[in-house]
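Adding 18 to a residue's 1-based position in the sequence shown gives its number in this note's numbering. In what follows, a structure is listed as structure tokens, so that the remarks can point back to it.
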Amino acid sequence: MLILDNISIRLAGRLLLDHSSVALPENGKIGFVGRNGAGKSTLFRALMGDLTLETGTIIMPAGLRIGQVAQEVPGSNDRLIDIVLAADKERAALLAEAETVRDPMRLAEIHMHLADKNAYAAPARAGAILHGLGFNAEAQQQSAAQFSGGWRMRVALAAMLFAEPDLLLLDEPTNYLDIEGVLWLTDYIKRYPHLALIISHDRDLLNRSVDAILHLDRQKLHFWQGNYDSFARQRVEKMALQQKQAAGQEAKRRHMEAFVTRFRAKATKAKQAQSRLKMLEKMQFVTIWRDEQVEPFRFPHAVKAVASPIIHLTNISLGYQPDKPVLQNLNLRIDKQDRIALLGANGNGKSTFARFLAGRLKPQTGTAVFAPDLKIAFFAQHQMDDLYPEETAIEHFRRLLPQEPEAKLRARIARTGLSTEKMQTKAKNLSGGEKARLLMGLAVYDAPHLLILDEPTNHLDIDSREELIEALNNFDGAIIVISHDRYLIEAGIDRLWQAAEGGITPYDGDMAHYAANILAESRRKNKDKKLPAGQIAPQTASAQIRAIKREQTALLRKKINRIEDLLHRQQQALQHLNDELARPEFYQQPNNRLAEKTALHAALTQKLQQQEAEWLSLQEELDKAEQNQPAASGAAARRLQQ
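Okay, structure coming up:
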């Protein structure tokens, strides 16, 4: 167990933690959340021993191995697989000693230690981790110098996961990953054998990987059992209880003050009045948590409508060199209210496709038809480097709209969620989230029909991501998004397209199905590494199909159970309302809110019908899945048998 006892941390004169205590359970998987700038990364520095506490103590078992991902990985000539293997320093030291030791007894001890550590299986384990993070067998044999900084950060993450420290500290580990890497990492963290503390704004990861939440709020640490959704629900319930207690306390205080004021001067009541006055002085008031308000995103609506399809592509090929297309034979249609997520590993052409749609790249072959008067907004995370560091948000907007009156210009910027103060702050002094809001506002200033968003959530905290999802759901145009944020995709997107093998095609399934296939494929490849080259175990394909089928049916049953619970609650509510409306005396009561309850009855009835239709559809899908092999499983089988 790791204990933080009465700790205070001050950085550059600012108090980040104030006499806070918490105990973290052994082998727990804990999501660490709080507003940007609250001090989460600073606490990691204290745990690593790089920062001195102002007060308190960090109590941990002797010899506890703590690991944090390196912020930079040099572009060395070492192979990726060797970099990861070297992260287990004890194994590396034992192997080096075995090369030089002459004492046969010591050599035997070394080999016993290596066997105890399962060290001879280390290359396969290191390879499996690298593969999960996007490096195939060929890439694992290449030097780090051949990869960009973002890919080398994946290598650093792989090395730390391979080292398996007793306390694993992960600070926004999904920032450099694609959706496939995030899905794999989410599954890996869940099965990590030791204590893991993860700073993340990825709500899906915090729901699927962790069993507790550590919340840093107002310089205090609060520990909550359960995943992020459970934490959010418990916190709302606690705030409601505090407000109720505070209201009761306030009523009691007013009553006592009134008694003191009324009877203080009366000799017969003076003693009682004095007693109540002392009670008032000793009264400890309930502290009410109030969440800081997060400004919403507001996207302008297009003034002039366009007809579908807004974009129609025929035999399009895209690339940067004439003889090396990144994508080819694209035959796709985008309608005016499509909400599409582009899936696929990094390097498969998602950003290339986005740049083409945004008019930043011309096609090599084929025909692209764009609707007349179509307006397209393009947001990409790398655009932060294009901001003018010495200019304010107002000056950035003035470049686009030199004739716009000052009041209208400020109103436009306000829709991004930037405050009046931040509008006048130089870009270099804005936070990552504030820069993202500025870029989003610059992208949509012209009221677009189509939003193209390439990793829009990277610098946003959880609450800001919720506001972005709300804005996307309220946007009345088309959306194409590239994101590793599964929660955003599931909450704001209707269709999936997959970039793979030089093409982009519609994906027939939802994110749950896609995630199950990705994880099943990853596990299959890891098992195949144990076989001689070129050999596939005969039962692999059928076992894989059964695994996918089980995952599909399990997900369907889970959805059906959830809807059945909803149906039960809605039926109870409707029955209660029916009983109330059936009583004659109800209509004799003044202020019976008949119109309101009639409207509620209609809404509940409609909702019940919708849920019943969804339940029937899912039940039919489950029956079909249990009787027949799903199409995706057949595709998986063909891939396995090739």
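For every residue, glycine included, the Cβ atom is placed at its ideal position computed from N, Cα and C.
From the listed residues Pro141, Ser293 and Glu313, the smallest Cα separation to Asp481 is found for Glu313. Within the same chain, and ignoring the five residues on either side of Leu188 in sequence, the residues whose Cβ sits closer than 6 Å to its Cβ are Ile216. Contact annotation: Ala64 and Leu234 have beta-carbon atoms that are not nearer than 8 Å. In the three-state DSSP reduction, Lys440 falls in the helix class (H, G or I).
Secondary structure at Tyr246: helix, using DSSP grouped into helix, strand and coil. By the neighbour-count criterion, in which a residue is buried when 16 or more other Cβ atoms sit within 10 angstroms of its Cβ, Asn492 is exposed. Apart from sequence neighbours up to five positions away, the residues of its chain that approach Glu632 with a beta-carbon distance below 8 Å are Ile581, ordered along the chain. Shown here, Leu71 sits in coil according to DSSP, grouped into three states, outside any helix or strand. DSSP places Gly337 within a strand segment (E or B) once states are collapsed to three. Contact holds between the stretch 325–336 and the stretch 384–393, because three or more Cβ pairs, one in each stretch, are under 8 Å apart.
The alpha-carbon of Glu603 is positioned some 14 Å away from that of Leu595. Secondary structure of Lys342 (DSSP, three-state): strand. Leu457 is not a Cβ neighbour of Gly495, given a cutoff of 8 Å.
Ala425 counts as exposed, since fewer than 16 other beta carbons sit within 10 angstroms of its beta carbon. Beta-carbon to beta-carbon, Ser501 and Thr475 are separated by about 6 Å, close enough to satisfy the 8 Å threshold. Less than 8 Å divides the Cβ of Gly152 from the Cβ of Glu198.
Nearest in C-alpha terms to Pro43, of all of Leu213, Ala105 and Arg97, is Leu213. Under the DSSP assignment, Pro524 falls in the beta strand (DSSP E) whose first and last residues are Gly521 to Pro524.
The stretch 97–116 and the stretch 134–152 touch, with no fewer than 3 CB-CB distances between them shorter than 8 Å. Around the C-beta of Ser369, 16 or more other C-beta atoms lie within 10 Å, and the residue is accordingly described as buried. DSSP, read as helix, strand or coil, puts Ala538 in helix.
Between the stretch 403–413 and the stretch 347–366, the count of C-beta pairs closer than 8 Å stays below three; the two stretches do not touch. Counting only the Cα atoms, Ala110 lies some 15 Å from Glu127.
Here the alpha carbons of Leu336 and Gln346 stand approximately 6 Å from one another.
According to the DSSP secondary-structure assignment, Arg513 is paired through a beta bridge with Ile358.
The secondary-structure analysis by DSSP pairs Asp23 across a beta bridge with Thr75. Shown here for Ala163: same chain residues with a beta carbon closer than 8 Å to its own, the five before and five after excluded, namely Gly93, Ser94 and Asn95 in chain order.
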